[in-house]
Amino acid sequence: MKLFLSKKEDLTETEIEIRYREENEEFNEILSLVRSVGERLIGIRDNGDEQVLSSSGILYFEAVERYVFAYGMSDVFKVRNTLYDLEERFKSSSFVRISKSLLVNICAVRRIVPENGRRLKLILNNGEALIVSRGYVSDLKAAIGMKGEKR
850 MKLFLSKKED LTETEIEIRY REENEEFNEI LSLVRSVGER LIGIRDNGDE QVLSSSGILY
910 FEAVERYVFA YGMSDVFKVR NTLYDLEERF KSSSFVRISK SLLVNICAVR RIVPENGRRL
970 KLILNNGEAL IVSRGYVSDL KAAIGMKGEK R
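Counting from 850, one number per residue, gives the positions in the sequence shown under our numbering.
Written out as structure tokens, the structure reads:
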């Protein structure tokens, strides 16, 4: 794959052109990542204020009781979606389910540390640690291109 970048001062918005010979896995991954950059959702602060969130700024989603929260580098927002809805919405982007209650942005993972019992610990860019449940390890490995098959 070759990458060409060119800065043009006269553009009113960013343009991306993808040239490909055939639609394959690499093409589909690139396309889904480009499309996910513009994904937005509404987050609610503790004081009730609403804010538009970009999916690229979200480190992970967590379901706690009947609510789902979006975690950024330093902020936490309540969102009006279920974890399943978010998983479906972002399944072709960089989010992957790592437990019954967690959906992580794999672009926010700094380190992966093996844990006892075939689990993994993810260290995120903000220093937080999340545990990958055994049942989701193969999904994570497939999403990031490690060996191991998707279940």
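Note that CB positions come from ideal geometry on N, CA and C, so glycine has one too.
Handout entry: As assigned by DSSP and simplified to three states, the class of residue 990
Key = helix
Handout entry: Cβ-Cβ distance between residue 948 and residue 920 below 8 Å
Key = no
Handout entry: Extent of the continuous alpha helix (DSSP H) to which residue 894 belongs
Key = It is not in any alpha helix (DSSP H) - residue 894 carries neither H nor E in the DSSP assignment.
Handout entry: Straight-line gap, residue 991 to residue 923 (C-alpha atoms, nearest Å)
Key = 28 Å
Handout entry: residue 1024 - DSSP class collapsed to helix/strand/coil
Key = Outside the modelled stretch of the chain, which goes from 850 to 1000, sits residue 1024, for which no answer is possible.
Exercise for the section: Would you mind sorting residue 978 into buried or exposed? The rule is 16 or more other CB atoms within 10 Å of its CB. Expected result: exposed
Practice task
Would you mind sorting residue 907 into buried or exposed? The rule is 16 or more other CB atoms within 10 Å of its CB.
Solution key: buried
Problem - In DSSP terms, what residue 970 is bridged to - result: 962 and 980
Practice task
With a floor of 4 residues, list each alpha helix (DSSP H) that falls wholly inside the stretch 932-957, ordered by position along the chain.
Solution key: 932-938
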